[in-house]
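Engineer:
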Ligand code: ACO
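Residue numbers (this note's numbering): 702 to 1012.
(1) If we call anything under 7 Å between Cβ atoms a contact, is residue 838 one with residue 760?
(2) Looking at C-beta atoms only, is the number of pairs between the stretch 723–731 and the stretch 846–859 that lie closer than 8 Å three or more?
(3) Measuring CB atoms only, is the stretch 735–750 touching the stretch 811–826, in the sense that at least three cross pairs come out at less than 8 Å?
(4) Please work out which residues of its chain come closer than 8 Å, Cβ to Cβ, to residue 790, disregarding the five sequence neighbours upstream and downstream, and give them in chain order.
(5) Tell me where the beta strand (DSSP E) around residue 951 begins and ends.
(6) To the nearest angstrom, how far is the alpha carbon of residue 817 from that of residue 725?
(7) What residues are listed by DSSP as bridge partners for residue 718?
(8) What first and last residue would you give for the alpha helix (DSSP H) that runs through residue 908?
(9) When the Cα of residue 917 is compared with those of 706, 901 and 935, which residue comes out closest?
(10) What residue ranges within the stretch 928–996 form continuous alpha helix (DSSP H) runs of no fewer than 4 residues, ordered along the chain?
(11) Residues in the same chain with beta-carbon distance under 6 Å from residue 769, minus the five sequence neighbours each way, listed in chain order, please.
(12) Start and end of the beta strand (DSSP E) containing residue 825?
(13) Can you check which of these residues, 774, 1011 and 845, is closest to residue 992 by C-alpha distance?
(14) Quick check on the burial criterion: 16 or more other C-beta atoms within 10 angstroms. Buried or exposed for residue 930?
(15) Identify every residue that forms a DSSP beta bridge with residue 869.
(16) Report the rounded CA-to-CA distance for residue 815 versus residue 970, giving the unit in angstroms.
(17) Return the residue from the list 749, 734 and 750 that minimises the CA-CA distance to residue 743.
(18) Going by C-alpha to C-alpha distance, which of 938, 967, 974 and 932 sits closest to residue 952?
(19) Taking 7 Å as the limit between beta carbons, can you name the residues of its chain near residue 966, skipping five residues before and five after?
(20) By the 10 Å Cβ neighbour count, where 16 or more other Cβ atoms means buried, how is residue 787 classified, buried or exposed?
(21) I believe residue 774 touches residue 836 by the beta-carbon criterion, under 8 Å. Please report the beta-carbon distance rounded to the nearest angstrom.
(22) Whole angstroms are fine: how far does the CA of residue 871 sit from the CA of residue 717?
(23) Applying the criterion that 16 or more other CB atoms from any shown protein chain within 10 Å of the CB defines a buried residue, is residue 754 buried or exposed?
(24) Helix, strand or coil, according to DSSP, for residue 896 in the structure here?
What follows is the structure, given as structure tokens:
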């Protein structure tokens, strides 16, 4: 049994925070942020919109898009490091909001690589025939763990949610290969202590550039494919310079890489599914296309998937 994406949706808060707004909050400039990160603006959730609310917005659209009703879900996986509260999990809150009465539910913590971990986990249940319909949501309300006085991190992140429904797909479609990895010794470079997120940007940058390229090449090799077979690279949207380094490693032209970082900043576990929705809406993904998705994050963690689009 092959496991693929059969529906997809996203939710983005309406409120936009621009680089110019940030200039009034910390000692920074639009020019610095744009040249170092590629970010121009990001979305910030309202105080009364929590992680589970954004997850619900994206999940509802993904289910509609897949034409799967909530009662037919077997499992809900939510990748997040910013849950509403330690427990119950966001996935259990989401199960209730959706009325997915027969579904098991659990959260998964792998920071920005969380969506890759979620899709691979879901893929195993589908491939071995245990489950049929699985909802995977990547969602973050990073604004609530951002220290708005710290210019090193305040300019980087945004809020949002992306969701996919995964299910059995035909031969040759869906997940062709994957790689997941972790290096706990790098945990000190990116973590949350007490209320706020803290980061050694330069160390994370070096790790990300190396790992994103390696993992992308590894999944291609595992699937018996070549760089030139790739139709679309969907890298985690953390920083345009990291993304460009991955694209150059795969020797792809600019139009074969997804870019939403300028509009939404780094939305962590949500960035890859949000980016795929935008590509679909722009008509840039068609049946049979080869996608390479690749993410990295706190942990340190990483994950990549080679996926043939279509049911
Ligand atoms: N505005 C102006 N100046 C700034 C800002 C800012 N917002 N932030 C930092 N600076 C200053 C620094 O203080 C430093 O000044 P100094 O030289 O006087 O000490 C100077 O700019 C240069 O800092 P660098 O760290 O060399 O800047 P760099 O080019 O490395 O860019 C950045 C910093 C953007 C953070 C980069 O390192 C990066 O993108 N790292 C990866 C971050 C990332 O992807 N995180 C993902 C997290 S994923 C997850 O799991 C949540």
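We put the beta carbon where it would ideally sit given N, CA and C, even for glycine.
Structural biologist: Let's see:
(1) Indexing the chain shown from 1 puts residue 838 at position 137. Indexing the chain shown from 1 puts residue 760 at position 59. With contacts defined as CB atoms closer than 7 Å, residue 838 and residue 760 qualify as a contacting pair.
(2) Contact between the stretch 723–731 and the stretch 846–859 is present, because at least three Cβ pairs lie under 8 Å.
(3) No, they do not touch.
(4) Numbered from 1 along the chain shown, position 89 holds the residue referred to as residue 790. Within the same chain, 779, 784, 806, 807 and 808 come within 8 Å of residue 790 by CB-CB distance, once the 5 residues on both sides are set aside.
(5) Counting from 1 along the chain shown, the entry for residue 951 is found at position 250. Residue 951: not part of any beta strand (DSSP E); DSSP gives it neither H nor E.
(6) Here residue 817 corresponds to residue number 116 of the chain shown, with the count starting at 1. Here residue 725 corresponds to residue number 24 of the chain shown, with the count starting at 1. A direct Cα-Cα distance of roughly 36 Å separates residue 817 from residue 725.
(7) For the purposes of this step, residue 718 is identified with residue 17 of the chain shown, where counting begins at 1. According to DSSP, which records beta bridges pairwise, residue 718 is partnered with 743.
(8) Stepping through the chain shown from its first residue, residue 908 is reached at position 207. From DSSP, the alpha helix (DSSP H) with residue 908 extends over 902–923.
(9) Numbered from 1 along the chain shown, position 216 holds the residue referred to as residue 917. Nearest C-alpha to residue 917: 935.
(10) With a minimum length of 4 residues, the continuous alpha helix (DSSP H) runs that stay inside the stretch 928–996 are 941–950, 962–965 and 972–982.
(11) Within the chain shown, residue 769 is the residue found at index 68, counting from 1. Around residue 769: 834 and 866.
(12) Working through the chain shown from its first residue, we reach residue 825 at position 124. Residue 825 -> not in any beta strand (DSSP E); alpha helix (DSSP H) instead, spanning 815–828.
(13) For the purposes of this step, residue 992 is taken as the residue at position 291 of the chain shown. Its Cα nearest to that of residue 992, the residue 1011 stands out among 774, 1011 and 845.
(14) One-based indexing of the chain shown puts residue 930 at position 229. Counting the other Cβ atoms within 10 Å of the Cβ of residue 930 gives fewer than 16, which makes it exposed.
(15) Numbered from its first residue, the chain shown carries residue 869 at position 168. 704, per the DSSP bridge assignment.
(16) Your numbering for residue 815 matches position 114 in the chain shown. Your numbering for residue 970 matches position 269 in the chain shown. Answer to the nearest angstrom: the Cα atoms are 5 Å apart.
(17) The sequence position of residue 743 within the chain shown is 42, counting from 1. It is 734.
(18) Counting from 1 along the chain shown, the entry for residue 952 is found at position 251. Of the candidates 938, 967, 974 and 932, 932 places its Cα closest to the Cα of residue 952.
(19) Within the chain shown, residue 966 is the residue found at index 265, counting from 1. Closer than 7 Å at the Cβ level, and outside the excluded window around residue 966, lie 740, 743, 857, 858 and 859.
(20) For the purposes of this step, residue 787 is identified with residue 86 of the chain shown, where counting begins at 1. Per the 10 Å Cβ criterion, exposed.
(21) Numbered from 1 along the chain shown, position 73 holds the residue referred to as residue 774. Numbered from 1 along the chain shown, position 135 holds the residue referred to as residue 836. Their Cβ separation, rounded to whole angstroms, is 5 Å, which keeps residue 774 and residue 836 in contact under 8 Å.
(22) In the chain shown, counting from the first residue as 1, residue 717 sits at position 16. In the chain shown, counting from the first residue as 1, residue 871 sits at position 170. Using only the alpha carbons, I get a separation of about 40 Å.
(23) As a working mapping, residue 754 is identified with position 53 in the chain shown. Burial is judged here by how many other beta carbons sit within 10 angstroms of a residue's own beta carbon; residue 754 has at least 16 and is buried.
(24) Counting from 1 along the chain shown, the entry for residue 896 is found at position 195. Residue state, collapsed to three classes: coil.
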